[in-house]
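Note that the numbering used here has the sequence shown beginning at 31, numbered continuously upward. Don't be surprised by glycine CBs; every beta carbon is placed ideally from N, CA and C. For clarity, every value in this text was computed on a predicted model and none was experimentally measured. This report concerns only the one structure given below.
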Amino acid sequence: MRRHLLRRVGIMLLAATVATTGLAAAAHADPDTGTIAGRFTDAAGNGLPDRRVNVISVPAGIWETTDTDETGAYRIQLPVGAYRVSFAVGAQEQYAPGQVDAALAQIFPLAAAQTVTVDETELPRGAVAGRIVRSDGTPAAGTEVVLRGPGDDYAGYTGTDADGRYRIDVLPGAYQVMIAFDSDHSILQYVPGKRLPAEAQLFTVTAGNVTPVDETLLPTGSASGRFTDAQGNGMSGVDVSFIDEYSGTYSGRTDANGDWRIDELLTGQYSAMFFGWQPSFSQYAYGKTTQAAADRITVTAGQNVVVDDSRLATGSIRITAKDSVTGAPVADFYVQAGTYYTDAVDGVATLPEMPVGTWQPTVYAAGYQPLEQVAPVTVVAGQQAEIELTLVPYGSLRAKVVDAATGAPVAGVCLFTETRTRFRLFEGCAGESGADGEVVLDVAAGTYQVFALPDRASAYGAQWVGLTGGTGSQDQARNVIVAAGQQKDIHKIYMDRKGSVTGVVTGADGAPVAGGHVAVVTPVIGDAGQGRVAIDSQGRYAIDFLGPYAWPLSFQTSTHAFQWSGAAYRRQSAALVPVVAGQTTTFDQQLQLGTLVKVTATGSPAGGFAVAYNNSNGDVAGFVWVQQAGGEAVYRVMGGQQVKLELAGGLPGQGWYGGTDFDSAKTVSIPTTGEKVVVYPYS
């Protein structure tokens, strides 16, 4: 058996045979385990061999996998608990009994020494089939075709035959059809003839039927050129990357004469990057050190564009560092500038062969705060620039986590330091209490409120750390001030037993929403984050990790604006949901749709998150991924608030509307009706 994670997709049901029988435990059986067993068959009752079977605990935590034998039978020994059972159908899964939505699957309780029999019949499938041709009408043989379902769920793939024809069998549902131009799937075409998933058509597949989907590939051109050293000699073995406005990358390499060529480039705008290995260097056409500064190269249908370039002249940067508190030199640190990096030797870091131009190095050192994008350093050909940087040492927080009733130490509690303008729990844990309850974590100088989050299996609930106990409100949390290099002891953190909140989330139309999250934190951009639970396809949610206090809850879906309990746009105004230790509180939420926001950062690079932050507390008010360079971001934000806008993903200081950071950015008022349109130049 092996642990395995897969996505799932579709909406179809079929009856399955489910029986539960209690059997005497074998003499050697583990008294704390039981068995789930059964057969997976086709509609005629024939066993389906070598099919993957997944058994998933409820709540999540155990995921065991096995394969059916030659008769379609399977057997899995498991700890006592409750489980869902799924079966592989091609690249998809179905759940017993006869469901393709995990939220509709039956939950099977499993007792010690018990065998639960779960037999399942394979659901009938349909298919997507058609023909792919090139822009000139010739068959696109050997082209990869991919199907994705709602939520970007992978459903299957195949290659076209010599005549460009393909077929993919899938469970009934709605699918996007994509054409992949590279093995990494970074260059995609969505049917019909689009480059963005939001513009793709959904094709409905029904059981026993074939949905026809033909496609003509977008037109292509080519690029070629020669890359030389500063003396005009061709440089061999230089990697050439053509990066399109959707972050897709085509690759080539120079030959012994420095010549290169890339064929079948989709038409559009590109930047060209040159990367050398010996010596190591990177630059962009024409003679630029960053992609943001690179010239845009246009590829047209049936034409070849020539891009010649030469390696930039170089100088070097010498870097030393000192401690901001003691003034003593820092001996060990690491420096990075673009793709160039080095370690300090005896307190000196030298970046040799740096292309001429302006650079902003980033410095890392153990025990010190990262120094990101320092003041610009200008590199002149044949010369060495020298800079001395001041590094600020981390402070530290020490605490002892104990049971509020008994005073006994509590292990497995993770501490997060938050501020009034930042409350987001990232994956991982900087400081977790040990068996003695003790925890120490490094923190940058500043004023914090401490959030304590126990392990999900713990009997204790999350809390904001107050002066005498826990609270569900950051506003009531204790302020902890830490100076650079200071060791701060906040003494004991008193943990209370947890309670639960459950309910149904409905949309503005009154129907249950089908997906999203309920959380005690604001969304985390580009990170799964912690402190949240999923909303299932029926709109249901259950939070089981909160301490017995009154909590604001955040509701995050792709169809409505992010909002807090009571449809508030900021957590300080949210309706508080009371939690009682050992009990379950019911809280249903009907979402407001929010105001449509359309933001374009002209001249922006491809790929980044367009984000709106609440002006008063820095919470994320909404965000969306923008794939296309200079593309329009369309998402919803709760009206009535003021926000600041950023296109995140570039270097620090870049992408803000009207500023270089949150404090200096312009405020934007979001109306409660209509829509808000903002266009600004990317900086």
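Close Cβ partners of residue i (< 6 angstroms) along its chain, the five nearest in sequence each way excluded
i	result
Gln124	Phe117, Val130, Leu153
Ser87	Gly111, Tyr113
Phe138	Tyr113, Val146
Ala57	Model confidence at Ala57 stands at a pLDDT of 36, short of 50, so the residue's coordinates are unreliable; what they give is reported in the following sentence. Excluding positions up to five away in sequence, the list is empty.
Glu468	Lys430
Thr477	Asn509, Ile511
Residue i versus residue j: straight-line alpha-carbon distance, rounded
i	j	result
Tyr424	Val473	5 angstroms
Ser503	Leu140	39 angstroms
Thr319	Gly368	8 angstroms
Glu457	Gln560	6 angstroms
Ser713	Gly688	9 angstroms
Val708	Lys696	11 angstroms
Gly612	Gln144	28 angstroms
Pro635	Ala324	10 angstroms
Ile523	Val480	10 angstroms
Val512	Gly683	26 angstroms
Lys706	Asn287	54 angstroms
Gly397	Gln517	12 angstroms
Gln107	Asp62	10 angstroms
Thr168	Ala192	10 angstroms
Met668	Arg600	9 angstroms
Asp3	Pro127	Because the chain here runs from 31 to 713, residue 3 falls outside it and cannot be looked at.
Gln122	Leu177	11 angstroms
Ala678	Tyr364	25 angstroms
Ser312	Trp655	27 angstroms
Lys352	Thr372	17 angstroms
Trp594	Tyr643	14 angstroms
Ser281	Val240	37 angstroms
Gly387	Gln366	15 angstroms
Residue i beta carbon near the ligand FAD (any heavy atom closer than 7 angstroms)
i	result
Ser584	Looking for the ligand FAD in the displayed structure turns up nothing, as the structure carries no ligands at all.
Residue nearest to residue i in terms of C-alpha spacing, selected from the options
i	options	result
Val221	Glu245, Thr236, Phe211	Glu245
Tyr276	Lys224, Asp191, Tyr314, Gly368	Lys224
Thr420	Val175, Ala487, Gly476, Ala514	Ala514
Glu100	Glu94, Asp80, Tyr113	Asp80
Ile217	Pro711, Gln657, Cys459, Val667	Gln657
Ser29	Leu226, Ser165, Gly529, Ser426	No answer is possible for residue 29: it lies beyond the span of the chain, which begins at 31 and ends at 713.
Ala549	Asn84, Met265, Pro582, Ala170	Pro582
Thr632	Asn239, Thr625, Ala640	Ala640
Tyr710	Ser266, Met208, Val629	Val629
Gly238	Thr408, Val407, Val158, Gln586	Val158
Ala663	Val510, Ala580, Gly652	Gly652
Pro385	Phe304, Phe446, Asn645, Gly203	Phe304
Phe446	Gly278, Pro400, Leu471, Ala253	Leu471
Val85	Gly102, Asp574, Tyr196, Val148	Val148
Thr236	Ser252, Asp199, Gly255, Asp618	Asp199
Thr151	Leu342, Ala74, Pro180	Ala74
Asp466	Gly540, Glu229, Gly437, Tyr478	Gly437
Gly306	Ser340, Leu296, Gly461, Thr95	Ser340
Gly545	Phe585, Gly660, Pro553, Cys459	Phe585
Ile327	Thr284, Trp389, Ser266, Ser252	Ser252
Glu229	His215, Glu448, Met208, Leu247	Met208
Neighbourhood of residue i by C-beta, 8 angstroms cutoff - its chain only, sequence neighbours within 5 removed
i	result
Met525	Val431, Val432, Asp433, Ala434, Val440, Val443, Ala482, Pro484, Tyr490, Gly491, Gln493, Gly500, Gly577
Gly189	Gly172, Thr173, Glu174, Val175, Tyr196
His34	Per-residue confidence for His34 stands at a pLDDT of 33, beneath the threshold of 50, marking its modelled position as unreliable; no derived number is given.
Residues bridged to residue i (per DSSP)
i	result
Met384	Gly345
Ile273	Thr279, Ser301
Phe117	Val83, Gln124
Ile565	Beta-bridge pairing links Ile565 to no other residue.
Met208	Val176, Tyr220
Cβ shell of residue i (< 7 angstroms), same chain only, five flanking positions each side left out
i	result
Ser694	none
Pro227	Gln206, Tyr220
Gln602	Asp505, Asn647
Gly298	Asp274, Glu275, Val329
Asp691	Gly683
Tyr394	Phe363, Tyr364, Pro400
Cβ-Cβ separation, residue j to residue i (assumed contact under 8 angstroms), whole Å
i	j	result
Val409	Ile417	The Cβ separation is near 11 angstroms, so there is no contact.
Ser567	Ala133	4 angstroms
Ala538	Leu626	Not confirmed; about 13 angstroms, so no contact.
Thr616	Thr702	About 29 angstroms separates the two Cβ atoms, so there is no contact after all.
Ala302	Val336	Not confirmed; about 11 angstroms, so no contact.
Thr350	Val378	6 angstroms
Ser346	Gln414	5 angstroms
Gly179	Ala204	7 angstroms
Gly680	Ala322	7 angstroms
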